[in-house]
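Structure record follows, encoded as structure tokens.
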Amino acid sequence: MSVQQCELVEFPKIEDQRGNLTFIESGRHIPFEIRRVYYIYDVPGWANRGAHGHAALRQILIAINGSFTVHLDDARDQRVEHLCAPNVGLYLPPMIWRDITDFSEGAVCMVLASDFYDEKDYFRNYAKFRKAVESEKDQW
Ligand code: TYD
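So the sequence shown is residues 334 to 473, counted in the working numbering.
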């Protein structure tokens, strides 16, 4: 996997004098069926989140309120995306290390995930993540 495969996805936005409406349809606007939704909120200004990679999980990150910065790393290249719109998601395939920083006041990071929570799918150690990427490459 490469950071180039992390795609920004724009969801429909229905604008109205009464306010805007965005909808996301599983398997249509995002390339997987949603099995889990979670959100990170009330993040203090000094705190970072993420700091992990996933072996198989696919996710979409959305700044449903406020903004934050996502640092992506595929063990070779890095990329940075700033999310700040509730109708834009960042698709993360497996084997991408992510750090989430610079949460604005009141920011909410909503995550749509392709599977249930499973701690066994996590890489929480960057050196181990890198090693796993290297050993995948050896199998090519
Ligand atoms: P953690 O992975 O540290 O959050 P983040 O990486 O997004 O900053 O998760 C914090 C805790 O919440 C950890 O004990 C695992 C637990 N958790 C669940 O129980 N279910 C979930 O769906 C998620 C994402 C985390």
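Ideal Cβ positions, reconstructed from N, Cα and C, are used throughout, including at glycine.
Quick caveat, the model's predicted, so the values are computed rather than measured.
At a Cβ-Cβ threshold of 9 angstroms, residue 334 and residue 443 do not count as neighbours. Distances between the C-beta of residue 366 and the heavy atoms of the ligand TYD are all 8 angstroms or more. Leaving aside the five residues that flank residue 426 on each side, the residues in its chain whose CB is nearer than 8 angstroms to its CB run, in chain order, 334, 338, 339 and 391. It is roughly 23 angstroms from the alpha-carbon of residue 407 to the alpha-carbon of residue 371. A contact between stretches requires three or more CB pairs, one per stretch, nearer than 8 angstroms, and the segment 383-397 meets this requirement with the segment 414-423. Look at residue 376 here: in three-state DSSP terms it is coil, with no helix or strand label.
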